[in-house]
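S.K.:
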Amino acid sequence: MQSPPLLAPSAPWSAAVVRRLRVPGGGRCLLRAGRRLGAGGAGMRRAGRGVILAAALVWTLGGCGREEQGGGAAARPRIAGIGFQEDQFFRMVEEGMKARAAGLGVELSLSTSANSLDKEISLVDTAITRRVDAIVIAPLSKTASVPALKRAHEAGIKVVTYDSVLDADFPVSNIKSDQIALGRATGEVARDYIQRKLGGRAKVAVLTYLSLAPETSSLRNKGFLDEVRKLPGVRVAAQQDAWL
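Here it is as structure tokens:
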């Protein structure tokens, strides 16, 4: 199956919601928010998912602009992107954001908290000092990440969360994968292998990453187990957090 067109609003995995927003300096923008990005289509099951979702992050705020003092032409919108680690997935995410930002004329700065809440807070405070128009962030904690991002919100900065949610109502959008569907896709492959190669019987050990991202890890694990447990001959022998 051919991959869905990049960021096509009519693609089944993107339910676009358009909101009209104001940004500091009197500028306006149209915020296209991907309310739910599911696992529709083979293309979304590939590693390219990270690039598509990352591009969607920049796309959400791509129409923003800040008017220059005196009513001049709008300046390029500035977005700070903050991830929480530097693995292959997030490198693909960053490449997708860079490509889309270049195409939209957005000034994009990227950084990573390296799984440190203190560093995340510092990066958010730096973005506030720089007076960016928006922060796109994969927050480390739905509670502990709130105070710093609330300061950004109160400074007039739009906050968009990615693949995780905050226990707060001020983010203007959340762009999120269907984590259960991702787990099920993996479980379908495992179930097929067990059926074809192991006669439908297997002891399965599951390695999770609960200590890194409890919400996404638990949902993906649920989707995976829902699928492999459809085989009566499968027994889950162990589940272990393997993030170091």
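When the letters of the sequence shown are read in order and numbered with the numbering used here, they come out as residues 4 to 247. Think of the CB as a built atom: it goes at the ideal place given N, C-alpha and C, for glycine as much as any other residue.
#1: Using the three-state DSSP reduction, which class does R238 fall into: helix, strand or coil?
#2: Using a Cβ-Cβ cutoff of less than 6 Å, which residues in the same chain neighbour F227 once the five nearest sequence positions on both sides are dropped?
#3: Assuming Q88 and T115 form a contact by the criterion Cβ under 8 Å, report the distance between their Cβ atoms to the nearest whole angstrom.
#4: Indicate whether P150 and T164 have their beta-carbon atoms separated by less than 8 Å.
#5: Cutting at 6 Å between CB atoms, please list the residues of its own chain near G108, excluding the five before and the five after it.
#6: Give me the DSSP bridge partner(s) of V207.
#7: Please classify V163: does DSSP put it in a helix, a strand, or coil?
#8: Extract the residue ranges of the alpha helix (DSSP H) inside the segment 98-164, only unbroken runs of 4 or more that lie entirely within it.
#9: DSSP on G190, reduced to helix/strand/coil?
#10: Is the beta carbon of I85 sitting closer than 8 Å to the one on D136?
#11: Would you kindly report the start and end of the unbroken beta strand (DSSP E) that includes R223?
#12: In the DSSP assignment, find the unbroken beta strand (DSSP E) run with R81 in it and report its ends.
#13: Are the CB atoms of L234 and Q198 within a distance shorter than 8 Å?
#14: Could you tell me the alpha carbon to alpha carbon distance between E218 and K225, rounded to whole angstroms?
#15: Span of the beta strand (DSSP E) holding S176?
M.R.: By the coordinates alone:
#1: R238 sits in a strand when the DSSP states are folded into three classes.
#2: Excluding five sequence positions before and after F227, the CB atoms of its chain that fall closer than 6 Å to its own CB belong to G186, T189 and G190, given in chain order.
#3: That belief holds up - the Cβ atoms of Q88 and T115 are roughly 6 Å apart, short of 8 Å.
#4: Their beta carbons are not under 8 Å apart, which means P150 does not touch T164 by this criterion.
#5: Closer than 6 Å at Cβ, skipping near neighbours: R79.
#6: Per DSSP, V239.
#7: V163: strand per DSSP, three-state reduction.
#8: With a minimum length of 4 residues, the continuous alpha helix (DSSP H) runs that stay inside the segment 98-164 are 120-133 and 149-157.
#9: Per DSSP, reduced to three states, the secondary structure at G190 is helical.
#10: Annotated as distal: I85 and D136, with beta-carbon spacing of 8 Å or more.
#11: Premise fails: R223 lies in the alpha helix (DSSP H), P217 to V231, not in any beta strand (DSSP E).
#12: Per DSSP, R81 belongs to the beta strand (DSSP E) from R81 to G86.
#13: Their beta carbons are under 8 Å apart, which means Q198 touches L234 by this criterion.
#14: Looking at the two C-alpha atoms, the distance is approximately 11 Å.
#15: Taken as a continuous stretch (DSSP letters only), the beta strand (DSSP E) holding S176 covers S176 to I178.
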